[in-house]
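**Q** Residue numbers (the numbering used here): 5 to 445.
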Ligand code: HEM
């Protein structure tokens, strides 16, 4: 990619303060200036390639995925806190475990989790205080954490331990963001013992989880939840996962499954709250459903417009707003040459708002997902990634979000006086605040 337009190191230094605060406008300006792919001179001598080109993204994630792996941002920087599970591993290690864990996330298996998920959601929604404006983000964050916790362990008496684990997970993520955004301070983070303190917290988190797993094994009980599925998963030679691997995978499910879903739910609620017409359509859809007939496999067909609202929110505010890959060997994509070791950042956020592929891209219009025409949007839409490393929890997340919106909107009308939601792009794309007023209907 030697002839790619390049943003100089100087430009990056000049803009460092605003990049640190929010890198998205800087990305956006460069895409407008240079087109769908450009290079930024940071890190290695060849820099980092940014792209929002759907053909390049499809090539990397799907067509020639074998030539690409996760970069050290995930396999080393994140892995040091949460271990080597699905999200943070590459190659044979990843492949073997993906094959083992995948069956636990099949729609059929998820059916068994509906009651557990539902209870966790109902519990969390008790925090809603009608006629008051609440920032829904912290509530959605607790909800998403509890849904993963209950789906794994199906126990309501572990709240205190889970609250501690949530604190640890969130605190370590904040540390990781500092390491990524201020790499020039990493020597200080190490020397001052900050990183060691967070590693110690991660160890404590593993102890909490190990205790809960031990209790399950010694109880001899079968609960048919995610933990049982992981305990029963076998390698090809018939052996189970080591305890270390099991803990890594469980931690990954918390990390990958909680913040992303909390973000998507908060954005969805905010978008619905600020669009009265959309809300009216949702009420009609929800009013037509008999509460007792809500069933897992049918949720998508029972709540088609609610699903469109979630899909449209994921388009405008994709929690995984960039996806990174490193080239294992050299490659040519539509005349662009990539060297071995090239780091590519695929901007899902930019692609989802690309005016060539989306009409009125900045507008919240759930109807665009009602039909796949005029264009098959799948090639411009990657909220859950694509190819063999596509999100393993996508159905889990969609069910959880549908159920949560259904439960909220069947009881409350929601509104907001804030015109636009401010975004906070950290490891995932979060809202700064999502203030919403709930009124009983
Ligand atoms: C709205 C919610 C979610 C979004 C937007 C989301 C998005 C994503 C994306 C884009 C990837 C692929 C990353 C890449 O290719 O580099 C991914 C991977 C993953 N997600 Fe999700 N996710 C969500 C919810 C969940 C949930 C609920 C779980 C589990 C309970 C989960 C577990 C995982 C795991 C384990 C991976 C790694 C898969 C692999 O590499 O084999 N995610 N997610």
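Glycine residues also receive a C-beta, built at the ideal position from the N, C-alpha and C atoms.
1. So, is residue 263 buried or exposed, given that buried needs 16 or more other C-beta atoms within 10 angstroms?
2. At which residues does the beta strand (DSSP E) containing residue 340 begin and terminate?
3. Please report how far the alpha carbon of residue 58 lies from the alpha carbon of residue 355, in whole angstroms.
4. Where are the beta strand (DSSP E) runs, 3 residues long or more, that stay fully inside the region 40-96, in chain order?
5. Quick one: grab the DSSP three-state call for residue 434.
6. Compute the distance between the beta-carbons of residue 269 and residue 156, then report whether it is under 7 Å.
7. Tell me, which residues are paired with residue 2 by DSSP?
8. What do you get for residue 112, buried or exposed, if any count of 16 or more other CB atoms within 10 angstroms of its CB means buried?
9. For residue 220, count neighbouring C-beta atoms within 10 Å of its own C-beta (all shown protein chains included) and say buried if the count is 16 or more, exposed if not.
10. Starting from residue 219, trace the alpha helix (DSSP H) both ways and give me its first and last residue.
11. Can you have a look at residue 423 and say buried or exposed, based on whether 16 or more other CB atoms are within 10 angstroms of its CB?
12. At a threshold of 6 Å, does residue 401 count as lining the ligand HEM (C-beta to nearest heavy atom)?
13. CB residue 259 to CB residue 401, shorter than 7 Å?
14. Name the DSSP bridge partner or partners of residue 428?
15. Exposed or buried, residue 253, counting other C-beta atoms within 10 Å across all chains shown (16 or more means buried)?
16. At what residue ranges does the region 101-142 contain a whole run of the alpha helix (DSSP H), taking only runs of 4 or more?
17. Should residue 31 go down as buried or exposed, given a rule of 16 or more other Cβ atoms within 10 Å for buried?
18. Identify whether residue 380 lies in helix, strand or coil by the three-state DSSP scheme.
19. For residue 109, which residues in the same chain have their Cβ closer than 8 Å to its Cβ, ignoring the five residues on either side in sequence?
20. For residue 220, verify whether its CB is less than 6 Å away from any heavy atom of the ligand HEM.
21. Do you know how far the Cα of residue 319 is from the Cα of residue 288?
22. In angstroms with no decimal places, state the Cα-to-Cα distance between residue 147 and residue 406.
23. Tell me whether residue 260 counts as near the ligand HEM, meaning its Cβ is closer than 6 Å to at least one heavy atom of that ligand.
24. Assuming the contact rule is C-beta atoms closer than 8 Å, residue 290 and residue 282 should be a hit. Round their C-beta distance to whole Å, please.
25. Specify the secondary structure class of residue 350 as computed by DSSP and reduced to three states.
26. Tell me where the beta strand (DSSP E) around residue 373 begins and ends.
27. Hey, could you find the ends of the alpha helix (DSSP H) residue 175 is sitting in?
28. Please determine, among 217, 247, 235, the residue with the shortest C-alpha to C-alpha distance to residue 87.
29. Could you check whether residue 149 and residue 170 sit closer than 7 Å to each other, using their CB atoms as the reference points?
30. Can you have a look at residue 435 and say buried or exposed, based on whether 16 or more other CB atoms are within 10 angstroms of its CB?
31. Taking just the CA atoms, how far does residue 358 sit from residue 124?
32. Between which two residues does the alpha helix (DSSP H) carrying residue 287 extend?
33. Considering only C-alpha positions, which residue in the set 251, 404, 70 is nearest to residue 333?
**A** If we stick to the structure as given:
1. Position 259 of the chain shown, counting from 1, holds the residue named residue 263. By the neighbour-count criterion, in which a residue is buried when 16 or more other Cβ atoms sit within 10 angstroms of its Cβ, residue 263 is buried.
2. In the chain shown, counting from the first residue as 1, residue 340 sits at position 336. That run of the beta strand (DSSP E) goes 340-342.
3. To locate residue 58, count along the chain shown from 1; it is residue 54. To locate residue 355, count along the chain shown from 1; it is residue 351. Rounded to the nearest angstrom, the two C-alpha atoms are 7 Å apart.
4. The region 40-96 is shown to contain whole beta strand (DSSP E) runs of 3 or more residues at 41-44, 52-55, in chain order.
5. On the chain shown, position 430 is the one that residue 434 refers to. If DSSP states are grouped into helix, strand and coil, residue 434 belongs with the strands.
6. Working through the chain shown from its first residue, we reach residue 269 at position 265. Working through the chain shown from its first residue, we reach residue 156 at position 152. One thing to note: residue 269 has its Cβ no nearer than 7 Å to the Cβ of residue 156.
7. The shown model of the chain, from 5 to 445, leaves out residue 2, and the question about it has no answer.
8. Counted from its first residue, the chain shown places residue 112 at position 108. Looking at its Cβ environment, which holds fewer than 16 other Cβ atoms inside 10 Å, residue 112 is exposed.
9. Here residue 220 is taken as the residue at index 216 of the chain shown, counted from 1. Buried is the call here.
10. Numbered from 1 along the chain shown, position 215 holds the residue referred to as residue 219. Counting along the chain, the alpha helix (DSSP H) containing residue 219 begins and ends at 198-223.
11. Here residue 423 is taken as the residue at index 419 of the chain shown, counted from 1. Classification for residue 423: exposed.
12. Residue numbering aside, residue 401 sits at position 397 when the chain shown is read from its first letter. Checking the Cβ of residue 401 against the ligand HEM gives yes.
13. The sequence position of residue 259 within the chain shown is 255, counting from 1. The sequence position of residue 401 within the chain shown is 397, counting from 1. No, these two residues do not count as a Cβ contact at 7 Å.
14. Against the chain shown, residue 428 aligns to sequence position 424. Looking at the DSSP assignment, residue 428 forms a beta bridge with 434.
15. Stepping through the chain shown from its first residue, residue 253 is reached at position 249. Residue 253 is buried by the Cβ-count criterion.
16. 111-115, 118-129
17. By 1-based counting over the chain shown, the position of residue 31 is 27. Classification of residue 31: buried, given that the 10 Å Cβ count is 16 or more.
18. As a position in the chain shown, residue 380 is number 376, starting the count at 1. Of the three classes helix, strand and coil, the one that applies to residue 380 here is coil, per DSSP.
19. Indexing the chain shown from 1 puts residue 109 at position 105. Around residue 109: 396, 397, 399, 400.
20. For this step, residue 220 is matched to residue 216 along the chain shown. Flag unset: Cβ of residue 220 not near the ligand HEM.
21. In the chain shown, the residue the question calls residue 288 occupies position 284. In the chain shown, the residue the question calls residue 319 occupies position 315. Those two C-alpha atoms are separated by around 24 Å.
22. For the purposes of this step, residue 147 is taken as residue 143 along the chain shown, with counting starting at 1. For the purposes of this step, residue 406 is taken as residue 402 along the chain shown, with counting starting at 1. Distance between the alpha carbons of residue 147 and residue 406: 13 Å.
23. Numbered from its first residue, the chain shown carries residue 260 at position 256. Indeed, a heavy atom of the ligand HEM lies less than 6 Å from the Cβ.
24. Here residue 290 refers to the residue found at position 286 when the chain shown is read from its first residue. Here residue 282 refers to the residue found at position 278 when the chain shown is read from its first residue. Wrong, their Cβ atoms sit about 12 Å apart, outside the cutoff.
25. Locating residue 350 in the chain shown gives position 346, where the first residue counts as 1. Three-state DSSP puts residue 350 in a strand.
26. Translated into the one-based positions of the chain shown, residue 373 becomes position 369. That residue, residue 373, is in no beta strand (DSSP E); it is neither H nor E in DSSP.
27. Along the chain shown, one-based indexing puts residue 175 at 171. That run of the alpha helix (DSSP H) goes 163-185.
28. Within the chain shown, numbered from 1, the residue matching residue 87 stands at position 83. Taking only the C-alpha atoms, the option nearest residue 87 is 247.
29. The residue you call residue 170 lines up with position 166 of the chain shown. The residue you call residue 149 lines up with position 145 of the chain shown. Here residue 170 is near residue 149, since their CB atoms are less than 7 Å apart.
30. Locating residue 435 in the chain shown gives position 431, where the first residue counts as 1. It counts as buried.
31. Residue mapping note: residue 124 aligns to position 120 of the chain shown, counting from 1. Residue mapping note: residue 358 aligns to position 354 of the chain shown, counting from 1. Whole-angstrom Cα-Cα distance: 37 Å.
32. Counted from its first residue, the chain shown places residue 287 at position 283. It spans 280-291 - the alpha helix (DSSP H) in which residue 287 sits, taken as one unbroken run.
33. The sequence position of residue 333 within the chain shown is 329, counting from 1. Closest by alpha carbon: 70.
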